[in-house]
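To convert, count from 1 in the sequence shown and add 1475; that's this note's numbering.
Below is one structure, written out as structure tokens; the observations come after it.
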Amino acid sequence: MVAHSGGPPLAMYLLPLGLNKEVYAGTTSLFFTVGNATKALPWLLLAKPNADLAVLMAICLLAIPSGVTLGWRLQGILDQRQVYRACYGLLVLVALKLLWDGVSGFLV
């Protein structure tokens, strides 16, 4: 949720709907999969990837199975209430971080 700039706004929209944890996880996954898939080809055409970037992309691809496995296990372990508490807690942390970034920009 917080690994993507669209995560907090999407969470703020979806969490009050009270979706069950499976529907919530599936909706966020599908939303970002479709969004990122539509950006992939234009990005590759504009970025003109080189060998170094290809290596970095391959390394990042290796992290996908472990992330999916961890998410799947957490989905099974946490109940509905714990998932929502975690999501709202992460939203609070992101909000505090953004507030700090904004305020510290004025203080410098």
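Just so it is clear, CB atoms sit at the ideal spot from N, CA and C, and this is done for glycine as well.
Predicted model only: the values in this text are computed from it and were never measured.
- For Y1559, the closest C-alpha among the options L1521, G1481, P1517, A1500 is that of A1500.
- With 16 or more other Cβ atoms inside 10 Å of its own Cβ, C1562 counts as buried.
- Assignment of K1572 by DSSP, reduced to helix, strand and coil, places it in the helix class.
- Distance between D1527 and P1491, taken at the CA atoms: about 43 Å.
- Straight-line measurement puts the Cα of G1510 at about 15 Å from the Cα of L1519.
- Around the beta carbon of T1503, 16 or more other beta carbons lie within 10 angstroms, which makes this residue buried.
- A straight line joining the alpha-carbon of L1494 with that of V1583 spans about 42 Å.
- Between P1483 and V1569, the CB-CB gap stays under 7 Å.
- Of E1497, G1577, I1534, L1566, the smallest CA-CA separation from A1486 is found for L1566.
- Q1550 has its alpha-carbon roughly 10 Å from the corresponding atom of T1544.
- DSSP places K1523 in the coil class of the three-state scheme, outside both helix and strand.
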